[in-house]
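Chemist: Take the sequence shown: its position 95, counted from the start at 1, is 95 in the UniProt record's numbering, and no numbers get skipped. Glycine is no exception: its CB is placed at the ideal position from the N, C-alpha and C atoms. I'd like to ask some things about the structure below.
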Amino acid sequence: MWGTTAAAVRRLCAAGDVRSALAMLARGTKAGDAVLDVTACTALVNGCCKSGDVAEARRVFDEMPLLGLAPNEVTYTALMHGYFTNGQREEGFSLFEEMRRGGVEPNLYTYNCLIGEWCRTGEFERARSLFDEMPVRGIVRNVVSYNTFIAGLCRHGKLWDAAKLLDMMRMEGTRPSIITFNLLVDGYGKAGKMSNALHFFNQMKAAGFQPSAVTYNMLIAGFCRARDMIRANRALSDMKERGLEPTKVTYTILIDSFARENHMDKAFEILEGMEKAGLEVDARTYGVLVRALCMEGNMKDARKLFQSMGEKGVEASSVIYDMMIYGYGREGSSYKALKLIMEMRQKGLVPNSASYGLTIRVLCKDDKCQEAEALLDDMVRAGLQTMVQALESDSIRDKGLEIDSVHDKGLEVKSAPDPTGHSGTR
């Protein structure tokens, strides 16, 4: 029946079954009885992009004229968004030019998509040009248009410009959303400007919005960055009074902050509260505590916590292993560090070059050059092309380690990264 294929394709795409929709299109095209419309093809293009197969989306797009169909502004925008999401900026902007040459007028969503991409890379003059072009072409900017621009400005630290856009938004009669205020609270909080963050937090409430758990998490994180734990706790109390339960993110923010301030008793107290609340404590949260204990040289408690992770069924990440190795290396426990490296390799994890380098250096100091050379060989097998600072240290040369044999295997000697600079636990 006429239109059956189109309806079926749309239905499959709506259900997320893009593969079946493509197979149906292929069968229909081969049999010569494929009956599609622009909406069905657009659904296919969008579905392929969402699944990450932008090349297939382009193939469907290019086949449309062969089926007697012309892509419309929705089709173009779907593919454009797919290109941008996939990191193919040049193809995305080229498609926009192709769209204009073909006489297809961009719609609101096209502009929002383009503005978002320019903002993502901090090219705000280009974003503003499109933003200002919208009303000239008769397109009314919506809350998403403003939020997209504000998000980009906040991400790049242009907070004054972001706040001015909120004023402009109100003047045009576009009502801000809770997302608008959250963006500004978060932006100012990350910049350490908590008086401004509180200003927009209060504006949010004055506008009739109830702050969400996400809002409070942003506010608490801002106070923690400013090392104002009194106000962070006050925000937490306010959150609870409003009937909002702290989330895993809330607890992790506080644990991280107290741990970085070396208030480990308080950090563990919050961890206990998190467990009592029935929230899952994941590797990221444990990593925050392990890092703090290792940095202060408390390897006894770090080891206990590390072991408790396994007992609770939480797999330690490579970041946590690297921090433990760093801690043992700092205290000179070469065999403990080596044992963890071996454990990592058995699990299919690869230590970072700093972990290898520090362990090698400590092994050499302990006259365990055979083990150190074995680690160098393991680095080569692991495919690491960057050596650590330990290879250039006097301790290796003095102990007679055969570095030349490592060079022969193509390993490049460079400076080690700072183990403490590992950002994975945040």
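With a 10 Å radius around its C-beta and 16 neighbouring C-beta atoms as the bar for buried, classify THR180 as buried or exposed.
Modeler: In the assembly as shown, THR180 is a buried residue. Its beta-carbon has 16 or more other beta-carbons within 10 Å.
Chemist: Would you mind sorting PRO176 into buried or exposed? The rule is 16 or more other CB atoms within 10 Å of its CB.
Modeler: buried
Chemist: Is the region 199-206 touching the region 236-245 in the sense that three or more CB pairs, one from each, lie closer than 8 angstroms?
Modeler: no
Chemist: ILE320 and THR359 - do their beta-carbons sit closer together than 8 angstroms?
Modeler: Judged by their CB atoms, THR359 and ILE320 are not nearer to each other than the 8 angstroms cut-off.
Chemist: Can we count ALA259 as close to the ligand ZN, meaning its CB is less than 7 angstroms from some heavy atom?
Modeler: Only the bare structure without any ligand can be found here, which leaves the ligand ZN out of the picture.
Chemist: On the criterion of 16 or more Cβ atoms from any shown chain inside 10 Å, does ASN262 qualify as buried, or is it exposed?
Modeler: exposed
Chemist: My guess is that PHE149 and CYS119 are in contact by the Cβ rule of under 8 angstroms, so how many angstroms apart are they, rounded?
Modeler: 6 angstroms
Chemist: Less than 8 angstroms between C-beta atoms, sequence neighbours within five positions excluded: which residues of the same chain meet that for GLU272?
Modeler: none
Chemist: Just the C-alpha distance for GLU133 and GLU56, rounded to the nearest angstrom, thanks.
Modeler: 32 angstroms
Chemist: Do ILE253 and CYS224 come within 8 angstroms of each other at the CB atom, strictly closer than that value?
Modeler: yes
Chemist: Leaving out the 5 sequence neighbours to the left and right, which residues in its chain are closer than 6 angstroms to LEU279 when beta-carbon positions are compared?
Modeler: Contacts found: LYS248.
Chemist: Run through DSSP, which three-state label would GLY187 get?
Modeler: Correct three-state label for GLY187: helix.
Chemist: Would you give the residue range spanned by the alpha helix (DSSP H) that PHE124 belongs to?
Modeler: 124-136
Chemist: Can you list, in chain order, the stretches of the alpha helix (DSSP H) that have 4 or more residues and sit fully within the UniProt repeat "PPR" (282-316)?
Modeler: Within the UniProt repeat "PPR" (282-316), the complete alpha helix (DSSP H) runs of at least 4 residues fall at 283-295, 299-311.
Chemist: Determine whether the beta carbon atoms of residue 453 and GLY157 lie at a separation below 8 angstroms.
Modeler: Nothing about residue 453 can be read from this structure; the chain reaches only from 1 to 426.
Chemist: Leaving aside the five residues before and after ARG242 along the sequence, list all residues of the same chain whose C-beta is less than 8 angstroms from its C-beta, in chain order.
Modeler: Within the same chain, GLN210, PRO211 come within 8 angstroms of ARG242 by CB-CB distance, once the 5 residues on both sides are set aside.
Chemist: By Cβ distance below 8 angstroms, which residues in the same chain neighbour PHE258 in space, the five residues on each side in sequence not counted?
Modeler: Sequence-distant Cβ neighbours of PHE258 in its own chain, meaning closer than 8 angstroms and more than five residues away, are MET229, MET264, LYS266, ALA267, ILE270.
Chemist: Thinking C-beta only, is GLU73 closer than 8 angstroms to residue 469?
Modeler: Lying before the first or after the last residue shown, residue 469 is absent from the chain, which here runs from 1 to 426.
Chemist: Can you grab the Cα-Cα spacing for the pair VAL18 / GLY87, in whole Å?
Modeler: Between VAL18 and GLY87, the alpha-carbon positions lie close to 22 angstroms from each other.
Chemist: So what's PRO71 in DSSP terms, helix, strand or just coil?
Modeler: coil
Chemist: What would DSSP say about SER20, mapped onto helix, strand or coil?
Modeler: helix
Chemist: Which of helix, strand or coil does DSSP assign to PHE223?
Modeler: helix
Chemist: Taking the alpha carbon of THR85 as the point to measure from, which residue in ASN352, CYS113, LEU376 has its own alpha carbon closest?
Modeler: CYS113
Chemist: Whole-angstrom Cβ separation of PHE306 and ALA316, contact assumed at under 8 angstroms?
Modeler: 7 angstroms
Chemist: List the endpoints of the continuous alpha helix (DSSP H) containing ASN142.
Modeler: Unbroken run through ASN142: none, as it is neither H nor E.
Chemist: Do the CB positions of SER145 and PHE124 come within less than 8 angstroms of each other?
Modeler: no
Chemist: Within the same chain, show all residues whose beta-carbon is closer than 7 angstroms to that of GLU371, passing over the 5 residues directly before and after it, in chain order.
Modeler: LEU338, LEU363
Chemist: Are the Cβ atoms of LEU79 and CYS49 separated by less than 8 angstroms?
Modeler: yes
Chemist: At which residue ranges does the region 247-276 contain complete alpha helix (DSSP H) runs of 4 or more residues, listed in the order of the chain?
Modeler: 248-260, 264-276
Chemist: Using the three-state DSSP reduction, which class does LEU166 fall into: helix, strand or coil?
Modeler: helix
Chemist: State the DSSP-derived secondary structure class of GLY152, mapped to helix, strand or coil.
Modeler: helix
Chemist: Quick one: using the 10 Å Cβ neighbour count with 16 as the cut-off for buried, is ALA14 buried or exposed?
Modeler: exposed
Chemist: Could you have a look at ASP377 and say whether DSSP puts it in helix, strand or coil?
Modeler: helix
Chemist: So, at 7 angstroms on beta carbons, what are the nonlocal neighbours of ALA191 in its own chain, with the 5 sequence-adjacent residues on each side left out?
Modeler: GLY157, LEU159
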